[in-house]
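In terms of the working numbering, the sequence shown opens at residue 73 and continues consecutively.
Beta carbons: idealized from backbone N, C-alpha and C, even for Gly.
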Amino acid sequence: MMIRCREIGAADLDAVADLLTKGFPTRSRDYWINGLRRLSARDTPGSFPRFGYMLEHDRGPVGALLLIHTARNDGGQVSIRCNLSSWYVEPAFRSYAPMLTKIAQRHEHVTYVNISPAQWTWKTIEAQGFRRYCGGLFFSLPALSRPVTGMRVEIIRQDTQAVDGLPEADVALLARHAAYRCLSLVCRAPDDRCVPFVLQSMRLKQRIAPPVMQLIYCRDVADYVACAGTIGRFLLKRGKVAVALDANGPMNDLVGIYSERARRYFKGPHCPRLADLSDSELVIYGP
73 MMIRCREIGA ADLDAVADLL TKGFPTRSRD YWINGLRRLS ARDTPGSFPR FGYMLEHDRG
133 PVGALLLIHT ARNDGGQVSI RCNLSSWYVE PAFRSYAPML TKIAQRHEHV TYVNISPAQW
193 TWKTIEAQGF RRYCGGLFFS LPALSRPVTG MRVEIIRQDT QAVDGLPEAD VALLARHAAY
253 RCLSLVCRAP DDRCVPFVLQ SMRLKQRIAP PVMQLIYCRD VADYVACAGT IGRFLLKRGK
313 VAVALDANGP MNDLVGIYSE RARRYFKGPH CPRLADLSDS ELVIYGP
């Protein structure tokens with residue numbers, strides 16, 4: 073049986089989408105195709121693979137590991153983060169699966185993150201050297217927080233090129249995520265100080281009312297706490313009541329509940345910040 077592990081190329085996308093649709097029956101083929109198309113259009117740092125790696129047998133994929141590489145600013149220095157986003161190998165070829173993970177995680181200077189591991193994989197991930205940096209989600213009810221007097225919310229569109237009071241890099245991040253159909257916002261204080269946020273409708277396995285948004289990006293969780301009342305009233309007018317954010321326990325400064333069902337892991341030189349899921353699978357592939 074001839075098996076080889078290689079990079080996924082543009083010519084493989086249809087076959088890889090078919091494979092992942094088979095492996096993740098709750099996801100449609102369009103979900104994978106749309107995400108792969110977004111990957112094909114975004115900048116990939118250095119010589120890192122644009123899509124990830126696949127196991128090939130008889131000229132077709134029998135396994136795939138999708139990757140999302142991003143250049144980030146960590147403490148004033150550029151670093152590389154890799155989101156290990158989706159993994160599937162056909163049962164008959166599972167013994168070859170370590171080939172995928174070994175080649176995908178071979179760079180010591182890269183920080184690898186797994187932000188959506190199934191609960192039954194947690195012990196396996198930890199045995200591979202990953203460390204937990206986020207223990208769960210806090211489901212906040214921001215409209216119950218006190219708003220900042222005079223603070224207003226501005227929506228940032230995908231064609232926005234400049235925002236008074238925001239660095240160019242922040243504007244680019246907000247506009248990029250607006251193009252991914254996220255809700256990009258700026259909370260502007262009366263003194264014109266502005267704070268950026270990215271939120272996204274959250275996909276829930278069960279029908280839960282009221283609708284929930286997920287905090288994809290903020291500079292610091294303390295920024296969300298400070299602006300929660302203003303954001304909550306803004307969202308309430310749009311039928312959104314709760315905002316879920318990364319947390320490691322209950323949050324005394326917000327009204328809500330904490331759930332330990334979601335964990336996030338990393339391996340590498342830079343521990344990710346809480347509430348920074350920018351340019352991750354959640355926005356590129358969707359919730």
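Using the Cβ count rule (16 or more neighbours within 10 Å means buried), how would you classify residue i?
i	result
Met126	buried
Cys254	buried
Gly124	buried
Ser352	buried
Arg335	buried
Gln177	buried
Asp84	buried
Ile228	buried
Trp192	exposed
Gln286	buried
His181	exposed
Asp231	exposed
Pro163	exposed
Leu306	The sequence given here places Phe at residue 306; Leu does not occur at that position. Buried is the call here.
Ala199	exposed
Lys312	buried
Ile329	exposed
What residues in its chain sit with their C-beta under 7 Å from that of residue i, if we drop five residues either side in the sequence?
i	result
Leu349	Ile187, Ile288 and Tyr289
Ala143	Pro117, Val150 and Ile152
Leu60	Residue 60 lies beyond the range of the chain shown here (73 to 359); nothing can be said about it.
Trp104	Ala89, Leu92 and Thr93
Tyr184	Cys154, Leu156, Gln177, Phe338, Lys339 and Gly340
If I measure Cβ to Cβ from residue i and keep anything under 6 Å in the same chain, skipping five residues before and after, which residues do I get?
i	result
Leu216	Val327
Asp325	Val297
Spatial neighbours of residue i within its chain, please: CB distance less than 8 Å, with the 5 preceding and 5 following residues excluded, ordered by chain position.
i	result
Thr302	Pro219, Val220, Met223, Arg224, Val225 and Cys259
Leu139	Phe120, Pro121, Phe123, Gly124, Tyr125, Cys154, Asn155, Leu156, Ser157 and Ala176
Gly201	Lys339
Ala87	Gly132 and Pro133
Ile75	Leu127, Glu128, His129, Val134, Phe165, Tyr168 and Met171
For residue i, which of the options has the nearest alpha-carbon?
i	options	result
Val297	Phe211, His141 and Ala247	Phe211
Met274	Val355, Pro170 and Asn145	Val355
Pro268	Pro283, Tyr252 and Glu240	Glu240
Cys343	Arg114, Ile80, Cys206 and Ser256	Cys206
His197	Ala347, Tyr337 and Arg305	Reading the sequence as shown, one finds Ile at residue 197 and not His. Answer by Cα proximity: Tyr337.
Gln360	Ala251, Gly81 and Pro189	Outside the modelled stretch of the chain, which goes from 73 to 359, sits residue 360, for which no answer is possible.
Tyr160	Asn106, Asp130, Leu92 and Arg99	Leu92
Thr173	Cys77, Arg114, Arg101 and Asp318	Cys77
Are the C-beta of residue i and some C-beta of chain D separated by less than 8 Å?
i	result
Met323	Going by chain labels, chain D is absent from the structure shown, which holds only one protein chain.
Could you tell me how far apart the beta carbons of residue i and residue j are, in whole angstroms, since I believe they sit closer than 8 Å?
i	j	result
Gly208	Ser112	Not confirmed; about 34 Å, so no contact.
Asp264	Asp242	About 15 Å separates the two Cβ atoms, so there is no contact after all.
Pro359	Ala300	About 21 Å separates the two Cβ atoms, so there is no contact after all.
Which runs of the beta strand (DSSP E), 3 residues or longer, sit entirely within the region 108 to 160?
124 to 129 and 132 to 146
Counting only runs of 3+ residues fully inside the region 162 to 204, write out the beta strand (DSSP E) ranges in chain order.
182 to 186
Could you tell me which uninterrupted alpha helix (DSSP H) segments, each at least 4 residues in length, are contained entirely in the region 229 to 316, listed from first to last along the chain?
240 to 251 and 293 to 308
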